[in-house]
């Protein structure tokens, strides 16, 4: 049982490039989330999903896109990378009842946009 | 607007001393309350949570927190700090099924 896995661990992007951050969970959780963590700022919710085919915006969705074709996978897409997207990105999942439940976090992807 | 405040971005205590990390929130709606811990280069792990019932909640690694509705607080405590407690701690508050806010975090250092 690997829990929540994220790839890559670290990536450097040039301004304007695109990339997909991968997230997979093997706990059969319905809810999945993407957060970004900036120094001294805590975590900000980017997007979340309540199940396959259903996604919704969080607090800071601009510049990102998501899809949820399966229960296990919840990739985050950056179409035109900007320096403001330099951050650490965490994927998380929970079983039921969304934000009332314990969230299980992946190890994070550190992204640097230059 | 709803908000979560963690007082003190950095707290330093001696090994064996009391740990007290503060969390306050602003809302009139009853919340769900969480404390998460983040060790270096890792994701967050749940320490404890309050949903309903007893206001004193016990978590892992000897931590506990008390929900005080009148003070809109959910402070985290541990009677005796251990070197392995050095980490960053996040308070999180959820209102309903579609919103959660994390505090900005408190880095806990333990002096030998």
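Residue numbers (the numbering used here), protein chains in the order written: chain A, 1 to 114; chain B, 1001 to 1112.
Quick reminder that beta carbons are idealized off the backbone N, C-alpha and C, glycines included.
Counting C-beta pairs closer than 8 Å gives fewer than three between the segment 1071 to 1086 of chain B and the segment 7 to 14 of chain A, which falls short of the contact rule.
Taking 7 Å as the cut-off, the beta carbon of residue 98 (chain A) is found no closer than this to the beta carbon of residue 35 (chain A). For residue 26 (chain A), no beta strand (DSSP E) run applies, since DSSP gives it neither H nor E. Where residue 7 (chain A) is concerned, the enclosing beta strand (DSSP E) starts and stops at 4 to 7.
In its chain, beyond the 5 residues on either side, 1044, 1045, 1087, 1088, 1089, 1090 and 1105 have a beta carbon closer than 8 Å to the beta carbon of residue 1038 (chain B).
Against chain B, a Cβ distance below 7 Å from residue 8 (chain A) picks out nothing, because the smallest value is about 14 Å. Secondary structure at residue 1069 (chain B): helix, using DSSP grouped into helix, strand and coil.
Pairing residue 71 (chain A) with residue 94 (chain A), the inter-Cα distance amounts to about 12 Å.
Partner residues in the beta bridge of residue 1036 (chain B), as assigned by DSSP, are B:1046 and B:1090. Interface with chain B (7 Å Cβ-Cβ cutoff): residue 68 (chain A) is excluded.
Around the beta carbon of residue 108 (chain A), 16 or more other beta carbons lie within 10 angstroms, which makes this residue buried. Only those residues of the segment 1094 to 1108 of chain B whose C-beta falls short of 9 Å from the nearest C-beta of chain A are listed: 1094, 1095, 1096, 1097, 1098, 1099, 1100, 1101, 1102, 1103, 1104 and 1105. Judged by their CB atoms, residue 1065 (chain B) and residue 1017 (chain B) are not nearer to each other than the 7 Å cut-off. By the CB criterion at 7 Å, residue 45 (chain A) and residue 63 (chain A) fall outside the cutoff.
Look at the beta carbons and you see the segment 17 to 31 of chain A touching the segment 40 to 55 of chain A: at least three pairs across the two are nearer than 8 Å.
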